[in-house]
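Take the sequence shown: its letter number 40 is residue 40 in full-length UniProt numbering, and every next letter is one higher.
Every residue gets a Cβ at the ideal spot worked out from N, C-alpha and C, and that includes glycine.
Reading through the structure tokens given below for one structure.
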Amino acid sequence: MEKQDLVWRYLVSNKQLFSTSFRGRTLYELIRYGIVGLTQNSIGYAVYLLLTLVLALEPKLVVAITYPLGVLISYFGNAKYTFKKKIKDHSMILKYLTSHFIGYVLNLYLLYLFVDKFGFPHQIIQLICVALISILLFLLFKFFVFTSQSKG
């Protein structure tokens, strides 16, 4: 049996994916995730611009400084507000950090590729990175970190 068949069978057999309550809950989580993310990323991007434009720090260094702070702030917002989970599960924290590590590495790689190699303006590339990585992180949080098996 091919992988595509297995994936399709899983999706069809997983009634939760197609239920109205699942879609409604996911929509509300997405809205709350957007509120947390817009708040955190607006502040983070403003600090990024301040440090790169005013203090003339190197963009990848600024990401290395600001990304961990954003992770810490967004963990509490996403766990408590977005996905309504209690912050007691150490495996949840590890999964959260792993998800953000993936986002962090992707962010640095995209800055390196599009700014250092192709010469695009770092301000635009970082803004695009924030949007793309936000989508990736929502999916990781929803289906990997803050799952229904998580305590809360």
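Check                                                                                                                             : Outcome
Inter-residue spacing [alpha-carbon to alpha-carbon] between Leu17 and Leu127                                                     : Confidence in Leu17 is poor, its pLDDT being 49 and thus under 50, which makes the residue's placement unreliable; the coordinate value appears in the next sentence. About 31 Å.
Cα-Cα separation, Lys85 to Ala79                                                                                                  : 5 Å
Endpoints, alpha helix (DSSP H) assigned at Gly70                                                                                 : 59-76
Phe138 - containing alpha helix (DSSP H), residue span                                                                            : 122-140
Backbone CA spacing between Leu57 and Asn107 [nearest angstrom]                                                                   : 17 Å
Classification of Val145 by the beta-carbon crowding that lies within 10 angstroms, buried from 16 upward                         : buried
Residue nearest to Leu132 in terms of C-alpha spacing, selected from Tyr109, Leu55, Leu69                                         : Tyr109
Contacts around Val62, its chain only, beta-carbon distance under 7 Å, and the 5 residues preceding and following it disregarded  : Tyr48, Leu51, Thr52
8 Å Cβ cutoff, Ile73 in contact with chain B                                                                                      : No chain B appears in this structure, which consists of one protein chain only.
Reduced DSSP secondary structure (H/G/I, E/B, other) of Phe146                                                                    : coil
Burial state of Val130, where buried means 16 or more other Cβ atoms lie within 10 Å                                              : buried
Classification of Gly119 by the beta-carbon crowding that lies within 10 angstroms, buried from 16 upward                         : exposed
The alpha helix (DSSP H) enclosing Phe101, as first and last residue numbers                                                      : 90-111
Rounded separation between Ile31 and Ile102 - CA only                                                                             : 23 Å
Contacts around Leu111, its chain only, beta-carbon distance under 8 Å, and the 5 residues preceding and following it disregarded : Pro59, Lys60, Val63, His122, Ile125, Gln126, Cys129
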